[in-house]
Structures are given as structure tokens and as C-alpha cells.
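Peer 1:
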């Protein structure tokens, strides 16, 4: 019988960002020079076409200084640019903005209702297995228990005994566990579900609903630190306290310090360095909730997964994939090289 290759299919694909440590291992050199090609038409050392990152056909001569192969056989090697200070990662700017709006600047926690956290947890658990309709059924169970939920006033102070809250949460968790087990038992007979675009849209809606459920408070219910409004304007994060020490905004003077040294009386610019420090503390406080809202944080191998929202080292792809175009004695650089030169120019300005 003729051997036939078994039918295979891709079961899962995970995408993630390189960490700074991984970029250092991948990189063969640090790009430091804005000059890429000199007047003689040669590649400049430390530039974006340094031959340690590979050679280009019809442009460069000789062999790659890293693998010692010619232009046809060398696949190219990556370099990197060291940023003087971390900057916001534009890929995750929208997610970063949402996260900064819900994190407490005093203790780094997410002041969410425990029932809402449980609801999101079980919804995402069902959605990860492909059960979109069943995930929506979690809302009904939570709504039934919510009738006896502990009321919280505007300052986040509980008006009922804490013991009652614990009992209520345990009751809700037991009901959700039973509901999940019933869905799993039924799934064993029907077979596994597929993660479709419909499931993805339901997941986005669940996360959006959870973020919307975070009621705006003047002070954090955990540490009593003032809450801040976050506005993204002209490529900057602007933060302003929602309450001041004067008038109705009175609070305990015993707790006045937060994670960041921010002015509690007026708006100020939140630098990427400050935002990174804040999110590191937020990961320590609420890593489970953050990983549920942003699944990309689960795949990070670093000590501080939230650092992927920032760029400290910029990976530079090999010249082979951003080649020069030569027209007589004139060299036309790739569009990405023009942008990388702007980055190098700004880095040089910030270091002086």
C-alpha cells in the first residue's frame, strides 16, 4: 500500500511581541549612525546597511560579516536601536489607553466589583472553548444573584457586612461552577467547538461590558487614592485628578502617596516611564484580571508582561528586506529606512 502523508491542519496560532532580552539575543549589532551610505557608495559602519546585518544583491560587494555568505545565500541578520527612554508601542496604544483609564494610580489595582470579575472569568472560559451562546447565559446567573448584592456608595464604602459579601460570592461561584460543568458535559457528547469570528465578537463585547461596569469613582475603594482622568492628546497621555483636597473631595490625609509622584491639584503629562512603572504594579496587584482582558499578556516570557505596551529596544530587520534602489550614482532608500533614520535622529537629540 502506498504511503500517504496524514491529513494535518493548524490547530492553534499564537502571536506575541519580542521582549528586550530576546531582541538582544537576535540582534548582531546596535545601529547608532544615521548615515547609511557614504559618498563613495559604501555601507557605513553602525548604519542601517551595515554589512554585519547582511549584504544586498547588486548593491553590496563581498560577503556578510556575520555568517560569511554571499548575497544569494545569506538570509540576513537583525540589528537593534536602543531607545534612550521607553516609548509607547503604537501597536497597543488603544489597549494601553483603556488600561490606564481603569487602573488605580495609588495601588495599581483595578477597582472592579467581584461579581463582575467572576462573570468575566467564566464567560471567557466558555468562549475559549467556543461556546458563545452559553457564555451569554452567565449574565443571567449573575443577575439573579445580584439582587442581594452589597450596595456601595460613591466613595466605595460598603454598606453591609463583609461576611455577607463573601457568602454571596461563594454562592455565585458554586452556581457558575455547576453551569460550566453542565456545559462541559453536554459538550462531551456534541464534540468540540471551533473558535470563530462570532466567538471573537462576543468576547470583545464581554470585555467591553466589563470595562464599562467599572463605575467612575472619585477615590479608589482600596487605598482611597484620588482617581485620575486619562486623555490621549497630541501623542501624549494627559492625566488629571477627578477630585481635589478642597470642597467635596475631602479624604483621609493618612494616605497621600501613590505609585507615581503626580500633582494632585492639576493635570500633568504621564510619561511612558511612569506609565510602565504603574502597569508593573498593576500586574502585581491584578495579574489574573489583566490577563483575561488582554490575552497577549499570557504569552509573555518576561518578568513584567505589561512591558510589551512600550518599546525600549527597536528591532531592525535585515537590509535584504528593505533594499536600496540604485539609479546610476543615485541611491534611493527604502521607506522604512527613512523612518528609522528619524528614530535615530530623535535618539541622538535626547542623549545630548
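In the UniProt record's numbering, the protein residues as written are 1 to 352.
Note that the Cβ used here is the ideal one computed from N, Cα and C, for glycine as well.
This one's a predicted model, so the numbers in the text were calculated from it and none came from an experiment.
#1: Name the DSSP bridge partner or partners of residue 231?
#2: Buried or exposed: where does residue 119 fall if 16 or more other Cβ atoms within 10 Å of its Cβ makes it buried?
#3: Between which two residues does the beta strand (DSSP E) carrying residue 268 extend?
#4: Does the segment 226 to 239 come close enough to the segment 125 to 134 that 3 or more CB-CB pairs lie under 8 Å?
#5: Per DSSP, which residues does residue 30 bridge with? Please list them.
#6: DSSP state of residue 312, grouped into three classes?
#7: Below 8 Å between beta carbons: does that hold for residue 78 and residue 343?
#8: Out of 114, 8, 85, which one is the CA nearest neighbour of residue 222?
#9: Can you find the residues in the same chain that come closer than 8 Å, C-beta to C-beta, to residue 154, ignoring five residues on each side of it along the sequence?
#10: Going along the chain, which residues of its own chain have a beta-carbon closer than 6 Å to the beta-carbon of residue 32, five neighbours each way excluded?
#11: Please return the same chain residues whose Cβ sits closer than 8 Å to the Cβ of residue 97, not counting the five positions on each side in sequence.
#12: Decide if residue 283 is buried, meaning its Cβ has at least 16 other Cβ atoms within 10 Å, or exposed.
#13: In terms of residues, what are the limits of the alpha helix (DSSP H) holding residue 207?
#14: Where residue 20 and residue 312 are concerned, what is the direct C-alpha to C-alpha distance, given to the nearest angstrom?
#15: Candidates 41, 51, 285, 39: which alpha carbon is nearest residue 29's?
#16: Suppose you measure from the CA of residue 185 to the CA of residue 143; what does that come to, to the nearest Å?
#17: DSSP state of residue 105, grouped into three classes?
#18: In chain order, what residues of the same chain lie with their CB nearer than 6 Å to the CB of residue 347, ignoring the 5 residues before and after it?
#19: Counting pairs of beta carbons, one from the segment 64 to 77 and one from the segment 318 to 326, are three or more of them closer than 8 Å?
#20: For the alpha helix (DSSP H) that contains residue 338, what are its first and last residues?
#21: Terminal residues of the continuous alpha helix (DSSP H) containing residue 126?
#22: I need the DSSP call for residue 254, collapsed to helix, strand or coil.
#23: Which residues bound the beta strand (DSSP E) around residue 330?
#24: Confirm, please, whether the CB-CB distance from residue 135 to residue 207 is below 8 Å.
#25: How would you label residue 292, buried or exposed, when you count the other beta carbons within 10 angstroms and need 16 or more for buried?
#26: Pull up the distance between the alpha-carbon of residue 166 and that of residue 241, whole angstroms please.
#27: Which residue from 265, 281, 34 puts its Cα closest to that of residue 105?
#28: Using the Cα positions of residue 356 and residue 199, report the straight-line distance between them to the nearest angstrom.
#29: By DSSP's criteria, residue 37 is part of a beta bridge. Which residues make up the other side?
#30: Just the Cα atoms here: how many angstroms apart are residue 101 and residue 326?
#31: Alpha carbon to alpha carbon, what distance is there between residue 306 and residue 337?
#32: Quick one: Cα of residue 117 to Cα of residue 174, how far?
#33: Quick check on residue 146: does DSSP put it in helix, strand or coil?
#34: Taking 8 Å as the threshold (C-beta atoms), are residue 80 and residue 27 in contact?
#35: Would you mind reading off the limits of the beta strand (DSSP E) that contains residue 325?
#36: Using only the alpha-carbon positions, how far apart do residue 215 and residue 182 sit?
Peer 2: In short:
#1: 238
#2: buried
#3: 268 to 270
#4: no
#5: 80
#6: strand
#7: no
#8: 114
#9: Any answer about residue 154 is weak, because its pLDDT of 37 lies below 50 and its placement is not dependable; what the coordinates show is given next. So the qualifying residues of the chain are 217, 218.
#10: 46
#11: 230, 232, 237
#12: buried
#13: 197 to 213
#14: 7 Å
#15: 51
#16: 24 Å
#17: coil
#18: 84
#19: yes
#20: 335 to 351
#21: 114 to 127
#22: With a pLDDT of 43 at residue 254, under the threshold of 50, the predicted position of this residue should be treated as unreliable, and no value is reported.
#23: 330 to 332
#24: no
#25: buried
#26: 32 Å
#27: 281
#28: The requested residue 356 does not occur in the structure, where the chain is confined to residues 1 to 352.
#29: 43
#30: 49 Å
#31: 28 Å
#32: 15 Å
#33: helix
#34: yes
#35: 325 to 327
#36: 33 Å
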